[in-house]
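Reading the sequence shown from the start, the letters are residues 1416 to 1607 in this note's numbering.
Where a beta carbon is used, it is the ideal one built from N, C-alpha and C, also for glycine.
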Amino acid sequence: MSNFYYCPSLHTFLVQGLHPKIPADSVKISHTDYLSLLEKQSQGLHIIFDPSINRPVARPASGPPEPELLDNLYRQKVAEINSACEATIIAGFWSSALGEPHQYPSKLDDQLNLTGVILQGFDSRYGCRDKQGVKELRLHTAKQLRQVSDDFTTYKLELLQRYNVLKQQLAQALSNGEMNAMQVVTWESLQP
């Protein structure tokens, strides 16, 4: 299970494993508190940090959030979504080019290697994992290699479209001055 935090300096929640860096001023909160605070936030309450109890609490809105806080949160959210999109792209993808689903690596070097093999135009052995996780250099026809590339391109474009939708949601929330709307935008909030 993930650990949940509230960061007073960023005025946002963080999830260990999803967010690469947890700032030092963050305080750990329970999953139950996290869900409760998100629910209260969706009802229009603001989440603020109460230093007297060293915890985030929900309070009625006292007015529009400061533009600087919105700008900072916007930049942070865009960076988080960008990192999550990039991590998902390079985490590997599945293709049925060999007749059954196989997982292919997709780090930048892997993408370049696949392009190079395809440009040769020959049948070739190419590394992938079967459903059991066994990695082998399996023989692919030139047509199968092109299909692997096409499947990766489709996969990557779907992720980039998801990224774009989330960025538009953040931009709209920034334009409207809606911190609550901005805080709930995460990579996971828009499932493929």
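Straight across, the Cα-Cα distance linking Leu-1581 with Trp-1602 is about 8 Å. By the neighbour-count definition (other C-beta atoms within 10 Å, threshold 16), Phe-1537 is an exposed residue. For Ala-1588 and Gln-1535, the gap between their C-alpha atoms comes out near 48 Å. A residue is called buried when at least 16 other Cβ atoms come within 10 angstroms of its Cβ; Pro-1435 does not meet this threshold and is exposed.
Collapsing the DSSP output to three states places Ser-1539 in a strand.
For His-1446, the enclosing alpha helix (DSSP H) begins and ends at 1446-1457. Per DSSP, reduced to three states, the secondary structure at Ala-1494 is helical. A straight line joining the alpha-carbon of Lys-1571 with that of Leu-1484 spans about 32 Å. In terms of CA proximity to Ser-1564, Phe-1508 leads the group Lys-1550, Leu-1433, Lys-1443, Phe-1508. In the DSSP assignment, Lys-1550 falls within the unbroken beta strand (DSSP E) covering 1550-1555. Under the DSSP definition of a beta bridge, Asp-1465 partners with Arg-1470. Thr-1530 counts as exposed, since fewer than 16 other C-beta atoms from the protein chains shown sit within 10 angstroms of its C-beta. Between Val-1532 and Leu-1513, the alpha-carbon positions lie close to 16 Å from each other. In the DSSP assignment, Gln-1518 falls within the beta strand (DSSP E) that extends over 1517-1519. Fewer than three Cβ pairs drawn from the segment 1484-1502 and the segment 1448-1455 lie within less than 8 Å of each other, which leaves the two stretches out of contact.
The alpha-carbon separation between Gln-1491 and Pro-1471 amounts to approximately 19 Å.
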